Amino acid sequence: MTGGAGGLAACLSDRGDLLAARAAGERLMALSKALDSDPAVLLTQEQGVEAFRHYPAGDVYDLTSHAQYYYHSHRDGEFGHIHLFQRPRGMARGLAPVTPPKEADAPCHLIGVGLGPWGEAVELFTTNRWVTGEAWYPAEAVKTMVAGLRLAPPGPWLAVSQWLAGLVAFYRPLIEVLIDERDRAVEAWRMTHPGRDVFNDERLEITSTRTIDPAADLAQLGG
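Heads up, the sequence shown is in the UniProt record's numbering, so the first residue is 1 and it goes up one at a time.
This is the structure we're talking about:
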């Protein structure tokens, strides 16, 4: 697993990137203020959270873009996290998984978002294939999906979806670094564990991670 140093600011290569990140960060702040409550409360509808259960029931699915996400927790008392995916019908032409998936509609995991005690975003992370049962796409394909993410399903989850899309837009440069680190972590594991199926090796779970603080990260950019 990679928990490397260097946050969003370290991923911006020029003034154009900086200005784009500032604008995305300011939009994210506006979307955060527009939420009636924190994302976890909204997605669980203030229910008691049962370990491994998806919230909301049936996940949030954008029928136009075929992006999908859900919130869950692995154990009682954990603050939980969001898993964000892209289904094949919403992918750009020419993107293909490393190996053919068992299910034609198997999604690609884009990023995980860890939440804190008040439902705030505190972490970004990537996972090994077995964690979500995804189809495994190479880093460049996943980055293309992140760049093209559209997430605005009409109905009760619109505000949370817009917030999540805004978070991804703001942290896109960092997410791209995490996706590259994911592939490097998997390859390093493969080299040091010969004879094992790296994508199904449960000893490798989180493949890259960074702590985040949207307000502080925007302030660091001068926004």
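Built from N, CA and C at the ideal position, the CB exists for glycine as well.
Remember, predicted model here, so these are calculated numbers, not experimental data.
- Message: Starting from residue 123, trace the beta strand (DSSP E) in both directions and tell me its first and last residue.
- Response: Run containing residue 123: 121-127, per the beta strand (DSSP E) assignment.
- Message: Residues in the same chain with beta-carbon distance under 7 angstroms from residue 93, minus the five sequence neighbours each way, listed in chain order, please.
- Response: none
- Query: Would the beta-carbon of residue 66 fall within 8 angstroms of that of residue 87?
  - Reply: yes
- Task: Could you spell out where the alpha helix (DSSP H) holding residue 59 opens and where it closes?
- Result: No alpha helix (DSSP H) holds residue 59; the beta strand (DSSP E) holding it covers 55-61.
- Go through its chain and collect everything with a Cβ distance to residue 68's Cβ below 8 angstroms, but skip five positions before and after it. The residues are 59, 60, 61, 62, 84, 85, 86, 87, 107.
- State the Cα-Cα distance for the pair residue 216 and residue 195, rounded to the nearest angstrom. 44 angstroms
- Item | Counted within 10 angstroms of its Cβ, other Cβ atoms place residue 149 as buried (16 or more) or exposed | buried
- Query: Roughly how many angstroms separate the alpha carbons of residue 158 and residue 80, rounded to a whole number?
  - Reply: 20 angstroms
- Using 8 angstroms as the Cβ pair cut-off and three pairs as the minimum, do the stretch 21-36 and the stretch 162-177 touch? yes
- Message: Tell me which residues share the same chain as residue 198 and place their Cβ nearer than 6 angstroms to its Cβ, disregarding the 5 neighbours each side in the sequence.
- Response: Counting only residues of its own chain and dropping the five nearest sequence neighbours on each side, residue 198 has a CB closer than 6 angstroms to the CB of 186, 189, 190.
- Query: Who pairs with residue 85 in a beta bridge, going by DSSP?
  - Reply: According to DSSP, residue 85 shares a beta bridge with 68, 109.
- Curious, which full-length alpha helix (DSSP H) runs of at least 4 residues does the stretch 136-192 contain? 139-147, 158-170, 172-192
- Item | From 192, 213, 210, 212, residue whose alpha carbon lies closest to that of residue 204 | Per the C-alpha coordinates, the member of 192, 213, 210, 212 positioned closest to residue 204 is 192.
- Determine which residues share a DSSP beta bridge with residue 206 and list them. 127
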